[in-house]
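Notes for the one structure printed next.
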Amino acid sequence: MTVPPCRFSIAASDAPIELLPRDLSDWRQGNSGIDYVHRLDSGRDGPELVIQALTHGNEICGANALLWLLEHQFRPTKGALTLIFANVEAYQTFDPQRPFASRCLDEDMNRIWLSERLYHPDTRETQRAVELLPYIENADSVLDLHSTTFAVAPMLIYPQTSTNRAFADRLQFPFPHLLYDVGNYHDGIMISEHQRHAEQGVSIVAECGQHFAESTSQQALAVALRFIAQHGMLDNAVEIPAWGYAADHQAGHYRIDRVLHAATEQFRFVAPVTGFEQYNKGELIALDDQTLIAAPFDNCTLIMPARVPVIGEEVVTLAERL
Ligand SMILES: [Zn+2]
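Numbering (the numbering used here), first residue to last: 2 to 323.
This is the structure:
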């Protein structure tokens, strides 16, 4: 199949670049036989957890959280915790003049976790995903650490199962939760692949703030340690840092309804948006050439609008505030 090129290379960041990638070479050789994969085994029975960073190469905070765990020689008190630096090759291409370009090499690594793509890995992202797949499939629970283009509230995103929802609520996360049905959101998301293999497990994405903001690193570590603690695997001596951000007035639960794609190059939002703008049913959100796009339901919330619309590509997610 033809694969669209990675299209995140345009322009500089509007936000200051406070975080830069670090040299990960000391952590290339893990104990798993796969580069940049470290399995921290307590030697005791218990859950198999995975925390993944760098699904998107320019989302630096997750790598910093994993580095903190490795540099502090973290060990779970039971079970095992596998730390994955996913797209290190993309991360290493970071250029502060084009900071979005290192999101991926050939294609978005969070759209490829599909059997038809991974049977015939034909890009650098699918090849890497094939290496990582056994860890994802065998994990009881997975946390995938991300960050966002715009400086909006941190958020959790997860398939709306009772297990996920109960777990996420126990995290006491004072920011938005976005719930989706697998099959009604992007195809090929890593946590959706995990959910197919671990219906009773926890599969969560944490968006930790703006890509290049220092606070995202604290947010990523705070959510990672709470994730471990909620599985009963965190030593009491480990101090959990505060969230990286103040509690957000957008906190609450949202149902992801649909993802809009730009049909033309003329796609424009009717007002500048960064995310979490809300519309009532019928209010105009955007114009796509001659087509008017209105909110299809009340409490319609824009999630992660694209900085630069590209024909055929995702341009925004619509969610209903519950
Ligand atoms: Zn991401």
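Don't be surprised by glycine CBs; every beta carbon is placed ideally from N, CA and C.
query, result
"Every unbroken alpha helix (DSSP H) within the segment 76–142, with a cutoff of 4 residues, ordered by chain", "89–92, 116–119 and 125–139"
"Where glycine 184 sits in the DSSP three-state scheme", "coil"
"Distance between proline 135 and glycine 189 (C-alpha atoms, nearest Å)", "16 Å"
"Check: asparagine 111 C-beta below 7 Å from any heavy atom of ligand 1", "yes"
"Three-state secondary structure assigned by DSSP to valine 4", "Residue placement at valine 4 cannot be trusted, given a pLDDT of 49 that sits under 50; what the coordinates show is reported in the next sentence. DSSP places valine 4 in coil when its eight states are reduced to three."
"C-alpha gap between isoleucine 11 and glycine 233, whole angstroms", "Because isoleucine 11 sits at a pLDDT of 46, beneath the cut-off of 50, its placement in the model cannot be relied upon, and the following sentence gives the value as read from the coordinates. Rounded to the nearest angstrom, the two C-alpha atoms are 43 Å apart."
"Beta-carbon proximity check, proline 97 vs isoleucine 18, cutoff 8 Å", "yes"
"8 Å contact criterion, which arginine 129 and asparagine 88 should meet: CB distance rounded", "6 Å"
"Selected residue, minimal CA-CA separation from glutamate 114, among Leu67, Thr127, Ala296 and Arg23", "This sequence places tryptophan at residue 114; glutamate is not what is there. If we check each option's Cα against that of tryptophan 114, Thr127 comes out closest."
"Candidates Gln291, Glu266, Ala295 and Gln251: closest to leucine 323 by CA position", "Gln251"
"Residue(s) in a DSSP beta bridge with glycine 253", "Pro177"
"Sequence-distant residues of its chain with Cβ nearer than 6 Å to cysteine 301 (five each side left out)", "Tyr280 and Leu319"
"Check: threonine 56 C-beta below 7 Å from any heavy atom of ligand 1", "yes"
"Identity of the residues DSSP links to glutamate 321 by a beta bridge", "Arg256 and Cys301"
"Where the beta strand (DSSP E) containing serine 204 begins and where it ends", "203–211"
"Where valine 224 sits in the DSSP three-state scheme", "helix"
"Span separating the alpha-carbon of threonine 3 from that of arginine 99", "Here the model assigns threonine 3 a pLDDT of 47, short of 50, so the residue's position is not dependable and the matter cannot be decided."
"Assigned exposure category for arginine 45 - 16 Cβ within 10 Å defines buried", "exposed"
"Whether asparagine 165 touches valine 224 by CB criterion (8 Å)", "no"
"Check: histidine 254 C-beta below 7 Å from any heavy atom of ligand 1", "no"
"For isoleucine 11, three-class secondary structure by DSSP", "Reliability fails at isoleucine 11, whose pLDDT of 46 lies under 50, so the model's placement of it is uncertain and the value that follows must be treated cautiously. Of the three classes helix, strand and coil, the one that applies to isoleucine 11 here is coil, per DSSP."
"Touching by the beta-carbon criterion (3+ pairs, under 8 Å), the segment 55–75 and the segment 155–164", "no"
"Heavy atom of ligand 1 within 7 Å of glutamate 60 beta-carbon", "yes"
"Expected contact under 8 Å - CB spacing of aspartate 299 and valine 206 to nearest Å", "Between valine 206 and aspartate 299 the Cβ distance is about 26 Å, and since that is not below 8 Å, they are no contact."
"Those residues which DSSP pairs with isoleucine 312 across a bridge", "Ala263"
"Start-to-end residues for the beta strand (DSSP E) that takes in valine 53", "The displayed chain sequence assigns glutamine, not valine, to residue 53. From DSSP, the beta strand (DSSP E) with glutamine 53 extends over 49–54."
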